[in-house]
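Under our numbering, the first residue of the sequence shown is numbered 153, with each subsequent residue one higher.
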Amino acid sequence: MTLLFDRFDSPIGVLTIAGDERGLSHVLFPENRHPARGRDDWHYAPDALPEAREQLLQFLHGERSSFDLVLAPRGTPFQLRVWQALALIPFGQTWSYLQLAQHLGQPSATRAVGAANGRNPLPIILPCHRVIGSNGALTGYAMRGWKHQELCLEKAPSC
């Protein structure tokens with residue numbers, strides 16, 4: 153299936169969002185560490201995903217604390233489990249990689265959880281920024297400055 157994408161300015165820089173009739177599948181930062189597969193086949197469609205754009209901007213401006221979007225991330229079964237668990241971390245709170253692994257019933261899988269977290273195709277919406285090191289350090293995130301900024305916006309204890 154061909155994905156449609158839009159690009160727009162936000163408080164944290166230009167964001168790219170992509171999806172199809174199944175739902176939103178990608179939120180990309182300008183500095184993404186991992187390229188989105190098949191991106192060369194995406195079709196630019198300004199305002200193709202207006203609800204996603206609006207909700208992301210509201211969240212980044214502190215006007216929203218959750219999302220009401222149909223999501224369609226693509227990943228391995230394990231990645232999908234990790235990403236679903238991210239959605240359970242409450243606004244303004246953080247979990248460690250260990251807590252996330254324990255929630256999945258795999259307490260020895262912290263590295264695998266960290267790797268899946270780092271491949272999250274829907275950052276912000278599936279809040280990988282709320283996952284921190286066991287010592288409270290803001291680890292494992294490509295945009296650490298943004299992670300700190302976002303946790304402060306949420307008034308999280310790690311701020």
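Yeah, the Cβ is synthetic: ideal placement off N, Cα and C, and Gly gets one too. Just so you know, these numbers come straight off a predicted model, no measurement behind them.
Opposing strand residues paired with residue i [DSSP bridges]
i           : result
residue 170 : 157, 178
residue 223 : 176
residue 283 : 247
residue 195 : 156
Own chain, CB closer than 8 Å to residue i, minus 5 neighbours either side, in chain order
i           : result
residue 226 : 177, 189, 273
residue 193 : 154, 155
Collapsed DSSP secondary structure at residue i in the structure displayed
i           : result
residue 214 : coil
residue 165 : strand
residue 190 : coil
residue 205 : helix
Beta-carbon contacts of residue i that lie in its chain and below 6 Å, excluding the five residues immediately before and after
i           : result
residue 250 : 262, 286
residue 333 : Given a span of 153 to 311 for the chain in the structure shown, any question on residue 333 remains unanswerable.
residue 212 : 162, 163
Residue from the options whose Cα sits closest to the Cα of residue i
i           : options            : result
residue 234 : 166, 163, 282      : 282
residue 209 : 167, 231, 257      : 167
residue 182 : 169, 174, 173      : 169
residue 216 : 223, 222, 204, 224 : 204
residue 244 : 175, 228, 276, 171 : 276
residue 237 : 174, 278, 179      : 278
residue 198 : 171, 221, 180, 157 : 157
Beta carbon proximity, residue i to chain D, threshold 8 Å
i           : result
residue 285 : In the structure shown, chain D cannot be found, because there is only a single protein chain.
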